[in-house]
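Accompanying notes for the structure given below.
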Amino acid sequence: MQRPRLKMRLGDLLVHENIISEPQLQQALAQQQQSGRKLGATLIELKFLSEQQLLQFLAQQLNVPFLDIAQKRIDPKAVQLLPEVQARRFRALVLEDHGSSVLLGMSDPADLAALDQLAELLAPRQIELAVVRESQLIEAFDTLYRRTKDIESFASQLKEEHGDDQGLDLTAVDEQTDADNTIVKLLQSIFEDAVQVKASDIHIEPDEKVLRIRQRVDGVLQESILNQVSIASALVLRLKLMANLDISEKRLPQDGRFQINVKKHQIDVRISTMPVQYGESVVMRLLDQSAGILHLEETGMPAPLLAKLRRIIKSPHGMILVTGPTGSGKTTTLYGLLSELNQAGSKIITVEDPVEYRLPRINQVQVNHKIGLSFSNVLRTTLRQDPDIIMVGEMRDQETAEMGLRGALTGHLVLSTLHTNDAVTSTLRLIDMGAAPYLVASALRAIVAQRLIRRLCEYCKQPYQPDDMESSWLRHNKANATASYWHAPGCQSCNHSGYKGRLGVFELLVITKPLADALRRDDTSAFAELAHRSEGFISLGNMALHYAQQGITSLDEVIRVSEYLDTDPDFDAVSS
388 MQRPRLKMRL GDLLVHENII SEPQLQQALA QQQQSGRKLG ATLIELKFLS
438 EQQLLQFLAQ QLNVPFLDIA QKRIDPKAVQ LLPEVQARRF RALVLEDHGS
488 SVLLGMSDPA DLAALDQLAE LLAPRQIELA VVRESQLIEA FDTLYRRTKD
538 IESFASQLKE EHGDDQGLDL TAVDEQTDAD NTIVKLLQSI FEDAVQVKAS
588 DIHIEPDEKV LRIRQRVDGV LQESILNQVS IASALVLRLK LMANLDISEK
638 RLPQDGRFQI NVKKHQIDVR ISTMPVQYGE SVVMRLLDQS AGILHLEETG
688 MPAPLLAKLR RIIKSPHGMI LVTGPTGSGK TTTLYGLLSE LNQAGSKIIT
738 VEDPVEYRLP RINQVQVNHK IGLSFSNVLR TTLRQDPDII MVGEMRDQET
788 AEMGLRGALT GHLVLSTLHT NDAVTSTLRL IDMGAAPYLV ASALRAIVAQ
838 RLIRRLCEYC KQPYQPDDME SSWLRHNKAN ATASYWHAPG CQSCNHSGYK
888 GRLGVFELLV ITKPLADALR RDDTSAFAEL AHRSEGFISL GNMALHYAQQ
938 GITSLDEVIR VSEYLDTDPD FDAVSS
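In structure tokens, the structure reads:
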């Protein structure tokens, strides 16, 4: 390999080419001495130039190509030529294997010490260099260096240790198992892989001949298949021990929780087991406690809607509902509201099942149905604890709903969730549960309905014309079928899915006097009509369509969120 060299030091070269000034260089050098970071990273941090400017300049000076690897299909076998630890250490990735040589992407190809060590690691292959964005490299590490091989290896080892019998010797796996036990290593690899791809759930499902491990990433399950189905009972046993569940009970579902540390992340795991045809199915919800509570601005809530909601939560009493199906982000929104209300002058009590995030200064109560500690029982006591704000995890029955509504009428601000499809039907659901219409009308202040939609990948999204089915759906809903819409065919950055990350879609219904009067009369049709015509009300479907026309999401996601649009879209109201 011919070692590329800069003719001058990087800082002097940048000044010589008038990309930065001499005072900027001196400021960066002074900060570099304090932080110990590389000069290039310091210059980018100080915003004296962009990452792309720096890398293109380096590529030109070193006479090597500058590659956008988000658009490049990378061979996973070539990637494995360089161990993950070294790849992350030197910020380098093998992009192509040509047999006698490799194409190596680096964020800093001028680092000669790193190049020497990489040359030894990849010998006897020669190195052809390319410059790559560091941010893209870090993303590629997470998607390409998966734990799939480790999982398969540990699964095979575990099968060998316990034999091929479907009924494993459960006494071989007890609570005092050494940390080096194969099962522990296997579970550690499964959790590391899930955290690496930012999975929200892990599903372990035994089938007749295979064991399926599925991870929910951005709301969609990704499947891995293990042929060692006989290890399923040992895995389930170990997980039950970690969650303090009854290991002898296989006929009934069980729920529990435990905490683990994975890749410097403190993960709270909620586990649910259920007997199925070929054993026990396990679903684990992963909650990253180290990530902290998501602020309301980060949920995707539009500024006008957020400002209106913030005015409402300043009310000293009344009920605010957050509604949507399971997995729509209701709890995230509730915790965001609680974090804004969490002041020294207010007493907040929450009744949850389970307590997902632990918040300072807030009294959080975990419901326990086994000992009679239900939502209604805890709520009854809560009202005697002199709270200012009460959060009820979910309105599940008539008694809980009525107590929450009465609490909202007696000087408390009550926050809760409800499983309904939209804001308008939430009031009708409360009445169907047995709550008196006058009580709902008097106590309810506002309803937030929400969904999570997938974001299109920024690297590969492109404009396109809707197909016949989508055009027909748009015309049926009186939406603009000729507007610009986007889709993403998939690339390396999004793991060829076309989507990366999720965004909240919201609708806010404020209960005004006309709406409350319609509720008192139990006139559901008048209530629905008034709600859709309320000032500033924008439905979930219309807001999702607005995001689709902005190129944030796809029409597929809009149709998934809402089968129909309630009104002609008023997009100015969304963005104003």
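Heads up: the sequence shown at position 71 corresponds to 458 in the numbering used here, and the numbers run straight through without jumps. C-beta: ideal position from N, C-alpha, C; glycine also. Every value quoted in this text rests on a predicted model; they were computed, and no experiment measured them.
Does the pairing of the stretch 514 to 521 with the stretch 476 to 493 give three or more beta-carbon distances under 8 Å? yes
So what does DSSP say about Gln563, is it helix, strand or coil? On the sequence shown, residue 563 is found 176 positions in, with the first residue counted as 1. For Gln563, the pLDDT reaches just 46, beneath the cut-off of 50, and the residue's location in the model is therefore unreliable, leaving the point undetermined.
Let's see if you can read the secondary structure: which residues bound the beta strand (DSSP E) around Tyr851? Working through the sequence shown from its first residue, we reach residue 851 at position 464. 849 to 851 is the extent of the beta strand (DSSP E) around Tyr851.
With a CB to CB cut of under 7 Å and the five nearest residues on each side skipped, what residues in its chain are close to Ala542? Within the sequence shown, residue 542 is the residue found at index 155, counting from 1. Closer than 7 Å at the Cβ level, and outside the excluded window around Ala542, lie Leu573, Leu613, Gln615, Ile618.
At what residue ranges does the stretch 770 to 802 contain a whole run of the alpha helix (DSSP H), taking only runs of 4 or more? 785 to 796
Cβ neighbour criterion (16 or more within 10 Å) applied to Asp399: The count along the sequence shown starts at 1 and reaches residue 399 at position 12. Exposed is the call here.
In angstroms, rounded to a whole number, what distance separates the CA positions of Gln609 and Arg533? In the sequence shown, the residue the question calls residue 609 occupies position 222. In the sequence shown, the residue the question calls residue 533 occupies position 146. Near 13 Å, if we compare the C-alpha coordinates of Arg533 and Gln609.
Can we say the stretch 867 to 875 touches the stretch 734 to 746, given the rule of at least three CB pairs closer than 8 Å? no
Where Pro691 and Ala931 are concerned, what is the direct C-alpha to C-alpha distance, given to the nearest angstrom? Mapped onto the sequence shown, residue 691 falls at position 304. Mapped onto the sequence shown, residue 931 falls at position 544. Using only the alpha carbons, I get a separation of about 16 Å.
Return the bridge partner residues of Asp484 from the DSSP annotation. To locate residue 484, count along the sequence shown from 1; it is residue 97. Paired residue(s): Val489.
Helix, strand or coil at Glu507 [DSSP, three-state]: Reading the sequence shown from its first residue, position 120 is the one you call residue 507. Helix.
Candidates Glu539, Arg478, Thr535: which alpha carbon is nearest Arg520's? Numbered from 1 along the sequence shown, position 133 holds the residue referred to as residue 520. Ranking the options by Cα distance to Arg520, first place goes to Arg478.
Suppose the cutoff is 7 Å on Cβ atoms and the five residues either side in sequence are ignored; what does the same chain contact list for Gln411 look like? Looking up residue 411 in the sequence shown gives position 24. The answer, listed in chain order, is Phe435.
Could you compute how far the alpha carbon of Asp556 sits from the alpha carbon of Thr569? Here the question's residue 556 lines up with position 169 in the sequence shown. Here the question's residue 569 lines up with position 182 in the sequence shown. In this predicted model, Asp556 has a pLDDT of only 42, less than 50, meaning its place in the structure is not dependable; the value taken from the coordinates is given anyway. So the alpha carbons of these two residues sit roughly 14 Å apart.
Can you tell me whether His652 is helix, strand or coil according to DSSP? For the purposes of this step, residue 652 is taken as residue 265 along the sequence shown, with counting starting at 1. Residue state, collapsed to three classes: strand.
Counting pairs of Cβ atoms below 8 Å between the stretch 848 to 858 and the stretch 723 to 734, do you hit three or more? no
Expressed to the nearest angstrom, what Euclidean distance is found between the alpha-carbon atoms of Glu438 and Val752? Locating residue 438 in the sequence shown gives position 51, where the first residue counts as 1. Locating residue 752 in the sequence shown gives position 365, where the first residue counts as 1. So the alpha carbons of these two residues sit roughly 48 Å apart.
Could you give the first and the last residue of the continuous beta strand (DSSP E) run that contains Ala833? The sequence position of residue 833 within the sequence shown is 446, counting from 1. Per DSSP, Ala833 belongs to the beta strand (DSSP E) from 831 to 843.
Which partner residues does Glu515 have in the DSSP bridge list? The sequence position of residue 515 within the sequence shown is 128, counting from 1. The partner list for Glu515 (beta bridge, DSSP) reads Leu490.
By the 10 Å Cβ neighbour count, where 16 or more other Cβ atoms means buried, how is Arg842 classified, buried or exposed? Taking the first residue of the sequence shown as 1, we reach residue 842 at position 455. By the 10 Å Cβ count, Arg842 comes out buried.
Please state the DSSP three-state secondary structure of Gly427. Position 40 of the sequence shown holds residue 427. Reduced to three states, the DSSP call for Gly427 is helix.
Would you decide whether Asp636 is buried or exposed? Buried here means 16 or more other CB atoms lie within 10 Å of its CB. Numbered from its first residue, the sequence shown carries residue 636 at position 249. A small fix is needed here, since residue 636 is Glu in this sequence, not Asp. Counting every other CB atom within 10 Å of its CB across the protein chains shown gives Glu636 a total below 16, marking it as exposed.
From this set, Gln448, Leu445, Gln414, which residue's C-alpha is nearest Leu430's C-alpha? Here residue 430 refers to the residue found at position 43 when the sequence shown is read from its first residue. That would be Gln414, whose Cα lies nearest to the Cα of Leu430.
In the DSSP assignment, what are the bridge partners of Leu693? Mapped onto the sequence shown, residue 693 falls at position 306. For Leu693, DSSP assigns no beta-bridge partner whatsoever.
In chain order, what residues of the same chain lie with their CB nearer than 8 Å to the CB of Met778, ignoring the 5 residues before and after it? Within the sequence shown, residue 778 is the residue found at index 391, counting from 1. Counting only Cβ-Cβ distances below 8 Å, and skipping sequence neighbours, we find Leu721, Leu725, Ile735, Ile736, Thr737, Val738, Glu739, Val801, Leu802, Ser803.
Return the residue from the list Ala500, Asp495, Ile461 that minimises the CA-CA distance to Asp484. Locating residue 484 in the sequence shown gives position 97, counting from the first residue. Ranking the options by Cα distance to Asp484, first place goes to Ile461.
Once DSSP output is grouped into helix, strand and coil, what is the label at Tyr825? Counting from 1 along the sequence shown, the entry for residue 825 is found at position 438. Of the three classes helix, strand and coil, the one that applies to Tyr825 here is helix, per DSSP.
Roughly how many angstroms lie between the CA atoms of Val765 and Cys847, to the nearest whole one? As a working mapping, residue 765 is identified with position 378 in the sequence shown. As a working mapping, residue 847 is identified with position 460 in the sequence shown. Looking at the two C-alpha atoms, the distance is approximately 50 Å.
What separation, rounded to the nearest whole angstrom, lies between the Cα atoms of Leu628 and Lys536? Mapped onto the sequence shown, residue 628 falls at position 241. Mapped onto the sequence shown, residue 536 falls at position 149. Computed Cα separation, rounded: 26 Å.
Strand pairing of Pro593, partner residues [DSSP]: Taking the first residue of the sequence shown as position 1, residue 593 is located at position 206. BP columns for Pro593 point to Leu598.
Between Gly885 and Gly716, is the Cβ-Cβ spacing less than 7 Å? Here residue 885 is taken as the residue at index 498 of the sequence shown, counted from 1. Here residue 716 is taken as the residue at index 329 of the sequence shown, counted from 1. Not closer than 7 Å, so no.
Val571, enclosing beta strand (DSSP E) - first and last residue: Translated into positions along the sequence shown, residue 571 becomes position 184. Run containing Val571: none in the beta strand (DSSP E); it sits in the alpha helix (DSSP H), 569 to 583.
Please go through the stretch 864 to 947 and give each complete beta strand (DSSP E) segment of 3 or more residues, from N-terminal end onward. 872 to 874, 886 to 897
Could you tell me the alpha carbon to alpha carbon distance between Thr940 and Lys887, rounded to whole angstroms? The count along the sequence shown starts at 1 and reaches residue 940 at position 553. The count along the sequence shown starts at 1 and reaches residue 887 at position 500. Using only the alpha carbons, I get a separation of about 10 Å.
Under the DSSP definition of a beta bridge, which residues are partnered with Pro410? Your numbering for residue 410 matches position 23 in the sequence shown. Per DSSP, none; premise fails for Pro410.
One question on the structure: do Tyr851 and Leu942 come within less than 7 Å of each other, judged by their Cβ atoms? Here residue 851 refers to the residue found at position 464 when the sequence shown is read from its first residue. Here residue 942 refers to the residue found at position 555 when the sequence shown is read from its first residue. Going by C-beta atoms, Tyr851 is not nearer than 7 Å to Leu942.
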